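Colleague: Heads up: the sequence shown is residues 505 to 1033, going by our numbering. Each residue gets a CB set at the ideal place from its N, CA and C atoms; glycine is no exception. Quantities reported herein were computed from a predicted structural model and do not represent experimental measurements. Sending over a structure as structure tokens; questions will come in a sec.
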Amino acid sequence: MNRLELDPGLVARARALAGRAAEPVVDLARRHTTVSVERAVLRLAGLTGTDPVTGDGVVTDRVPWVNRVVDAVREQVGLESGVALPVWHALAAGSAPDLPALAEQVGAGTARFTVPTGADAERARDAARAAVATGIARIDVNRRRREELVATLGDPPRRPWIYLIVATGDIHEDIPQAQAAARAGADVIAVIRSTGQSLLDYVPEGATRTGYAGTYATQENFRLMRAALDDVGTELGRYVRLTNYASGLCMPEIAVLAGLERLDMMLNDAMYGILFRDINPQRTFVDQRFSRMVHARAGIIINTGEDNYLTTADAVDEAHTVTVSQLLNETLAHEAGLEDWQLGLGHAFEIDPDRRESFRLELAHAMLARALFPDTPLKWMPPTKHMTGDVFRGYLLDGFFNLAGALTGQGILLVGMMTEAVVTPWLSDRDLALRNVRYVLDAAGGLVEDFAPPKGGFIDRRAHTVLTEAVQLLERIAGEGLLEAIADGTFGITKRPPDRGKGLDGVVRLAPDAYNPALELLEREVARA
């Protein structure tokens, strides 16, 4: 439906350069593993649980068994061959009857691991593959179940889908708020994570009630919220989608848990953790490839984080860096097996509203994204950087944002709050925000069919300027390397060298005999597609 005509040669050049720029980090990801990737293998094989509760029993102080086992394997034989061979060799040798029993031996300090060779290695591979295949089969069942529910209950009656954040810190308080939001018109419920969880190198266990400015992402919290949204979806007669965050140091594990509990969308950006959480670039690129392969298998839509660049850089001067990141995210997603309908590429309404022609510029950027990625459910983010506490002005800005989304055919529209960046929104603020969205979409939702900026006009010229600048930047990145470009502060004016940042000690170069049954099964599916 987009009426912006881009130069096809320039578009083809942009995608070719994005492929060249992404190739070295894909190769890096293929040659390395991380502690979180190896823990994800154990989670797919069914290992859950933590050390026994001690002291005050705070849930985030308990160390998951998957961490214990991976750490023990690394200490005794290294992770260069992966965790699967030594773990399933120990099981085949009779050291323990199953994974939980082996984990308890690790906790007791009695487990011993070796890397098998020959026939022993083959037996370990077969056993590991069978165990992990059980977890992947559960993910497949959940994908089919989602498809059945959508077919039975139906999708929301219109696009864009209305996306609303709910997160109190207490999962048992989140649930009624999420259900109330769905009844008020939200199509997608996002449970934002507790502050700092992205920097934890483990996934907390169980239902949690102690999050700060968000709720911990745990498998049990996922299960509880999924069940609650299924209930309200049946009541409303439409499928309500659930979103969480597969980012940070545990990106692969959280992706697995999302697949096991039928989440529908996950925040998953190739560079967000690097730029805004100072996570090591090598760790991030290895982890994001594995996590995206899981998302591809699970039928999960990813949401990327380009909007964050505009919180640290000027939304006009650096608009082309958003386009470059979108193209890189698309390239890396396709390599991991994600299809276009799964790419909620991010962009944002963050131009200073006091700037002349700000709304026309916003329309140009939004239409460029829609024209470049016509088959993706773009995720359009509301104004946050320039919200001042003037709630009347903020409500107007959100109305303009909603109108831009309607005019340009966005797929996922995050609800803006008039009290954004001032306080944690009250329930009444959320209700007013949803009314704003509903009014604009009811009044102007069909304008995408009518709105066609003239060729050579302001919007057309601005979109081509940004695309040309993006191609020029991609030429530089393809020449010098993506890791070097990140180190230079190309994105979000934040410099992150490849040998710095959190989590680098969790990156391991693979040996020739390395074996990861999850990657084997997931890559086979990608190759088949």
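Relative to the C-alpha of D735, which residue among Y720, A686, G777 and L704 is closest?
Modeller: Considering only alpha carbons, the answer is A686.
Colleague: For Y743, which three-state DSSP category applies?
Modeller: DSSP places Y743 in coil when its eight states are reduced to three.
Colleague: Classify W845 as helix, strand or coil using the three-state DSSP reduction.
Modeller: Helix.
Colleague: Thinking C-beta only, is I981 closer than 8 angstroms to I778?
Modeller: Contact: no.
Colleague: Assuming G1005 contacts N784 under a Cβ cut-off of 8 angstroms, what Cβ separation, rounded to an integer in Å, is found between them?
Modeller: With a Cβ gap of about 4 angstroms, G1005 and N784 count as contacting.
Colleague: Pairs of beta-carbons, one from the segment 614-630 and one from the segment 594-603, closer than 8 angstroms: are there three or more?
Modeller: Flag = yes, the segment 614-630 and the segment 594-603 touch.
Colleague: Does L704 come out as helix, strand or coil in the three-state DSSP assignment?
Modeller: Residue state, collapsed to three classes: coil.
Colleague: With burial defined as no fewer than 16 other Cβ atoms inside 10 Å of the residue's Cβ, what is the status of S932: buried or exposed?
Modeller: Exposed, because fewer than 16 other Cβ atoms sit within 10 Å of the Cβ of S932.
Colleague: For L1023, count neighbouring C-beta atoms within 10 Å of its own C-beta (all shown protein chains included) and say buried if the count is 16 or more, exposed if not.
Modeller: The residue is buried, with at least 16 neighbouring Cβ atoms inside 10 Å.
Colleague: Give, in chain order, every unbroken run of the alpha helix (DSSP H) that is at least 4 residues long and sits entirely within the segment 898-980.
Modeller: As far as the segment 898-980 is concerned, its whole alpha helix (DSSP H) runs of at least 4 residues are 931-948.
Colleague: Residues in the same chain with beta-carbon distance under 8 angstroms from G553, minus the five sequence neighbours each way, listed in chain order, please.
Modeller: Closer than 8 angstroms at Cβ, skipping near neighbours: P568, W569, P604, A607 and E709.
Colleague: Quick check: the segment 643-659 against the segment 625-635, are there 3 or more CB pairs under 8 angstroms?
Modeller: Taking 8 angstroms as the limit for Cβ pairs, the verdict is that the segment 625-635 does not touch the segment 643-659.
Colleague: Can you tell me whether T912 is buried or exposed, with buried defined as 16 or more other CB within 10 angstroms of its CB?
Modeller: Buried, by the Cβ-count rule.
Colleague: Go to R1013, then tell me how far its beta strand (DSSP E) extends in each direction, as first and last residue.
Modeller: From DSSP, the beta strand (DSSP E) with R1013 extends over V1011 to R1013.
Colleague: Could you check if Q976 is buried or exposed, using at least 16 other CB atoms within 10 Å of its CB as the buried criterion?
Modeller: By the neighbour-count rule (16 or more Cβ atoms within 10 Å), Q976 is not buried but exposed.
Colleague: Where do the ends of the beta strand (DSSP E) carrying I693 lie?
Modeller: V692 to A694 is the span of the beta strand (DSSP E), which, as asked, contains I693.
Colleague: Buried or exposed for Q786, going by 16 or more other Cβ atoms inside 10 Å?
Modeller: Buried, by the Cβ-count rule.
Colleague: Counting pairs of beta carbons, one from the segment 510-527 and one from the segment 582-594, are three or more of them closer than 8 angstroms?
Modeller: With a cut-off of 8 angstroms, the segment 582-594 and the segment 510-527 do not count as touching, because too few Cβ pairs lie within range.
Colleague: Taking the CB atoms as reference points, tell me whether A671 and T638 lie closer together than 8 angstroms.
Modeller: Cβ distance not < 8 angstroms, so A671 and T638 don't count as in contact.
Colleague: According to DSSP, is I783 part of a helix, a strand, or is it coil?
Modeller: I783 falls in the strand class under three-state DSSP.
Colleague: Less than 8 angstroms separating the beta-carbons of R730 and L767?
Modeller: Yes, the Cβ-Cβ distance between R730 and L767 is below 8 angstroms.
Colleague: Within 10 angstroms of the Cβ of F896, are there 16 or more other Cβ atoms? Answer buried if so, exposed if not.
Modeller: Exposed is the call here.
Colleague: If we ignore side chains and look at the alpha-carbon of each, how far apart do A549 and M769 end up?
Modeller: Roughly 23 angstroms separates the two Cα atoms.
Colleague: Per DSSP, what are the beta-bridge partners of P568 in this structure?
Modeller: In DSSP, P568 forms a bridge with T554.
Colleague: M769 lies in the beta strand (DSSP E); which residues open and close that run?
Modeller: From DSSP, the beta strand (DSSP E) with M769 extends over M769 to L771.
Colleague: Rounded to the nearest angstrom, how far is the Cβ of I855 from that of A819, given a contact under 8 angstroms?
Modeller: Yes, I855 and A819 are in contact; Cβ-Cβ is about 4 angstroms, under 8 angstroms.
Colleague: Taking only the alpha-carbon atoms, compute the straight-line gap between A1015 and H838 and give it to the nearest angstrom.
Modeller: Going from the Cα of A1015 to the Cα of H838 covers about 26 angstroms.
Colleague: In chain order, what are the residue ranges of uninterrupted alpha helix (DSSP H) at least 4 long that sit wholly in the segment 602-658?
Modeller: Entirely contained in the segment 602-658, the alpha helix (DSSP H) runs reaching 4 residues are, in chain order, 603-612 and 622-657.
Colleague: To the nearest angstrom, how far is it from the Cα of A802 to the Cα of E765?
Modeller: In a straight line, the C-alpha of A802 is about 10 angstroms away from that of E765.
Colleague: Check the DSSP bridge columns for N1035 and list the partner residues they point to.
Modeller: This structure cannot settle anything about residue 1035, because the visible part of the chain is limited to 505 through 1033.
Colleague: Is DSSP giving L589 helix, strand or coil here?
Modeller: Note: L589 maps to helix in three-state DSSP.
Colleague: Mind the definition here: the segment 942-951 touches the segment 805-820 only if three or more C-beta pairs lie below 8 angstroms; say whether that holds.
Modeller: The segment 942-951, when compared against the segment 805-820, does not touch it at the 8 angstroms Cβ threshold.
Colleague: Check whether the segment 884-903 touches the segment 639-651, counting contact only when three or more Cβ pairs, one atom from each stretch, lie closer than 8 angstroms.
Modeller: Contact fails: fewer than three Cβ-Cβ distances are below 8 angstroms.
Colleague: Measuring alpha carbon to alpha carbon, tell me which residue in L907, A711, Q792 and N1020 is nearest G841.
Modeller: G841 has its Cα closest to that of Q792, out of L907, A711, Q792 and N1020.
Colleague: Going straight from the alpha carbon of F789 to that of V744, what length do you get?
Modeller: The straight-line gap from Cα to Cα measures roughly 31 angstroms.
Colleague: DSSP state of H536, grouped into three classes?
Modeller: Residue state, collapsed to three classes: strand.
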